[in-house]
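A quick write-up on the structure given underneath.
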Amino acid sequence: MNYNVFNLLWQGLSGHKGWQQAWRSPEPKPRYDAVIIGGGGHGLATAYYLAREYGMTNIALLEKGWLGGGNTGRNTTNVRSDYMFPESAAIYDMALRLYETLGKDLNYNIMLSQRGWLTLIEDQHQMEGARHKANWLQCNGVDGEIIGAAQVAQMMPGLQMKGRYPVRGAFLQKRGGTIRHDAVAWGYARAADRLGVDIIQNCEVQGFEQENGRITAINTSRGRIETDRVGVAVAGHSGVIAEKAGFRLPITSHCLQAMVSEPVRPFLDHVVISPGTGVYINQTQKGEMVMGGVLDLYHSYGQRGNFPTIEKVITSAVEMFPAFSQMRLMRHWAGIVDISPDSSPILGQTPVENMYINCGWGTGGFKAIPAGGYMLAHSIATGRPHELAAPFGLNRFRDNRLVDEGAAAGIAH
Amino acid sequence: MIVINCPYCGQDRHEEELTYGGEAEIIRPVDPTTVSDETWTDYLYFRNNPKGIHHEQWCCSAGCGQWFKVARDTVSHAVLEVVTFDKRLSA
Numbered sequence: 001m002n003y004n005v006f007n008l009l010w011q012g013l014s015g016h017k018g019w020q021q022a023w024r025s026p027e028p029k030p031r032y033d034a035v036i037i038g039g040g041g042h043g044l045a046t047a048y049y050l051a052r053e054y055g056m057t058n059i060a061l062l063e064k065g066w067l068g069g070g071n072t073g074r075n076t077t078n079v080r081s082d083y084m085f086p087e088s089a090a091i092y093d094m095a096l097r098l099y100e101t102l103g104k105d106l107n108y109n110i111m112l113s114q115r116g117w118l119t120l121i122e123d124q125h126q127m128e129g130a131r132h133k134a135n136w137l138q139c140n141g142v143d144g145e146i147i148g149a150a151q152v153a154q155m156m157p158g159l160q161m162k163g164r165y166p167v168r169g170a171f172l173q174k175r176g177g178t179i180r181h182d183a184v185a186w187g188y189a190r191a192a193d194r195l196g197v198d199i200i201q202n203c204e205v206q207g208f209e210q211e212n213g214r215i216t217a218i219n220t221s222r223g224r225i226e227t228d229r230v231g232v233a234v235a236g237h238s239g240v241i242a243e244k245a246g247f248r249l250p251i252t253s254h255c256l257q258a259m260v261s262e263p264v265r266p267f268l269d270h271v272v273i274s275p276g277t278g279v280y281i282n283q284t285q286k287g288e289m290v291m292g293g294v295l296d297l298y299h300s301y302g303q304r305g306n307f308p309t310i311e312k313v314i315t316s317a318v319e320m321f322p323a324f325s326q327m328r329l330m331r332h333w334a335g336i337v338d339i340s341p342d343s344s345p346i347l348g349q350t351p352v353e354n355m356y357i358n359c360g361w362g363t364g365g366f367k368a369i370p371a372g373g374y375m376l377a378h379s380i381a382t383g384r385p386h387e388l389a390a391p392f393g394l395n396r397f398r399d400n401r402l403v404d405e406g407a408a409a410g411i412a413h
Numbered sequence: 001m002i003v004i005n006c007p008y009c010g011q012d013r014h015e016e017e018l019t020y021g022g023e024a025e026i027i028r029p030v031d032p033t034t035v036s037d038e039t040w041t042d043y044l045y046f047r048n049n050p051k052g053i054h055h056e057q058w059c060c061s062a063g064c065g066q067w068f069k070v071a072r073d074t075v076s077h078a079v080l081e082v083v084t085f086d087k088r089l090s091a
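Protein chains in written order, with the UniProt record's numbering: chain U, 1 to 413; chain R, 1 to 91.
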């Protein structure tokens, strides 16, 4: 059933009893042309583009829990594409451009809100860095501009301008903003399912059967599945899957937390990050303040928060917006992110011949979902990296050709 | 919150007082010019990333300043073993 205003009206008048299930829950078949591991945004996008762009429909997606139950449902829903290097700008901007039309493509409202993404500028060095970045973005054909302190104060009346980190201006990407995160997973799932992809939940990968350096079958908690090609999009758990397949990745897994306040009236119209405190904030359509900060610097697979980080984020948020001091925290959560040495993704071929990977997005995986899925689908379908993914191959760590976006875009880890 | 008893100064230190130093027992090739690119980049970039027991190094940075080794569960954060830097972990 297509979602449209007439259906909504009809269902509204008939008590909302006629809505169909958005996707099937099929039993796994004994064999597929390709299997995608990971039912988060990237895995679901891979399944969708593999079926739509590359015509592979005898495929399955395996998810050990439920769809979007990992990082896709645990992030701060931010999107932007103001990365510096041409390689990164191309791929992150492709993601944002695909997001801009995704609601129509999927017939699913992903609630894209391009409300503007502001990085505050708090000292002379950051101002110089921002000018440098603005020039890079202009060369890359991505939008981004520097605005003055007066305009920042006008855009965010509640922001403390003269605190410990006095605001001198901001770097603004107007196309940046937020998206309803669950809707991305559900929209892709529904669209992939309609194209014939078997989405199999509660199906954990336990091991691989290999012959001559190729995977022939996957052993799962729901039985053995034979396949010609395997795509992996499991973010923080990439190391676990790599170990089962017999290789190592230059990835460490860390816990990244976020938290949300009780809902309040409209107060903050944009997404804002303070480099001084490392905290970024936006207000949801429901009125809650979503706040995130730095990741826990030690290895972790514990999908839960801890108090030192909560304290840091909350004190910084109150410093930025003193009015928040009266608010109560409603809940907090954590996802396991996959940090690579250069803070850039790893896309394409693995040491196993017919296994392809999409990982290493670190703290910025959500904003990259459409591009990450597209790149992995291309690798699975053709056996070669997409031209935009070529600089991000695993071999860059062997050839010392890093894409050091960690230093360039000032990612906080 | 992670709390580790420093094997040098004997004090309980919580994670805010400690600095994490990544995987333990990584050995830098003595002469980088003679090893293969694979060995060298293994040393530079490739790390064990287990979901379970991880051997790692921590520094008592707000205390006595010494580095030591820890075996820790990366899911429960339980500290299983702490040894001084000259010893090997057994867990």
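C-beta atoms are modelled at their ideal positions from N, C-alpha and C, and glycine is treated no differently.
Ranked by how close their Cα comes to the Cα of D338/U, the residues M161/U, Y165/U and I346/U have I346/U in first place. The beta carbon of L297/U sits closer than 9 angstroms to some beta carbon of chain R. Its chain contains V279, M291 and G293 as the residues whose beta carbon lies nearer than 6 angstroms to that of V313/U, once the 5 sequence neighbours on both sides are disregarded; these appear in chain order.
L394/U is a Cβ neighbour of Q349/U, given a cutoff of 9 angstroms. In the three-state reduction of the DSSP assignment, Y20/R falls in the strand class. Listed in chain order, the positions of the region 42-57 of chain R with a beta carbon within less than 9 angstroms of a beta carbon of chain U are D42, L44, Y45, F46, R47, N48, N49, P50, K51, G52, H54 and E56. At a C-beta separation below 8 angstroms, R24/U has no neighbours in chain R, since its nearest C-beta there lies roughly 31 angstroms away. For R331/U, no alpha helix (DSSP H) run applies; the uninterrupted beta strand (DSSP E) run containing it begins and ends at L329 to I339, by DSSP. Put simply, the backbone Cα of G41/U is about 46 angstroms away from that of G10/R. Shown here, F171/U sits in a strand according to DSSP, grouped into three states. A Cβ-Cβ contact shorter than 9 angstroms links P351/U with F247/U. Secondary structure in the region 259-318 of chain U: the beta strand (DSSP E) runs of 3 residues or longer, each lying completely within the stretch, are 271-274, 279-283 and 289-299 in chain order. The closest CA to that of Q257/U, considering only H299/U, I336/U and N202/U, is found on I336/U.
Within the region 14-37 of chain R, E15, E16, Y20 and D37 place their CB atoms closer than 7 angstroms to a CB of chain U, listed in sequence order. Buried is the label assigned to T72/U, since at least 16 other Cβ atoms lie within 10 Å of its Cβ. Taking 9 angstroms as the threshold, the shortest C-beta distance from S61/R to chain U does not fall below it.
For A217/U, the enclosing beta strand (DSSP E) begins and ends at R214 to T220. Rounded to the nearest whole angstrom, the CA to CA distance from A149/U to S113/U is 24 angstroms. Residues of chain R whose Cβ lies closer than 7 angstroms to the Cβ of I251/U are, in chain order, N49.
In the three-state reduction of the DSSP assignment, N135/U falls in the helix class, which pools H, G and I.
Close to N140/U, with beta-carbon spacing below 7 angstroms, lies no residue of chain R; the smallest spacing is near 26 angstroms. A distance below 6 angstroms between beta-carbons, with the five flanking residues on each side excluded, links T77/U to the following residues of its chain, in chain order: T178, I179 and H181. Counting only the Cα atoms, I36/U lies some 25 angstroms from G52/R.
Under the three-state reduction of DSSP output, H42/U falls in the helix class. Residue range P86 to L106 is occupied by the alpha helix (DSSP H) that includes Y99/U. Interface with chain R (9 angstroms Cβ-Cβ cutoff): P308/U is included.
Rounded to whole angstroms, the gap between the alpha carbons of N75/U and R331/U is 13 angstroms. Between V232/U and M355/U, the beta carbon gap of about 7 angstroms places them in contact (Cβ cut-off 8 angstroms).
One alpha carbon belongs to S379/U, the other to L268/U, and they sit about 41 angstroms apart. When secondary structure is reduced to three states using DSSP, D33/U falls in the strand class. Contact check for W333/U against Q285/U fails: the beta carbons are separated by 9 angstroms or more. For T350/U, the secondary structure class from DSSP, reduced to helix, strand or coil, is coil. Comparing alpha carbon positions, the residue from L62/U, G12/U, V264/U and W10/U closest to R222/U is L62/U. A direct Cα-Cα distance of roughly 16 angstroms separates L249/U from I26/R.
Counting only residues of its own chain and dropping the five nearest sequence neighbours on each side, T277/U has a CB closer than 6 angstroms to the CB of S316. Not one beta carbon of chain U lies nearer than 9 angstroms to the beta carbon of V82/R.
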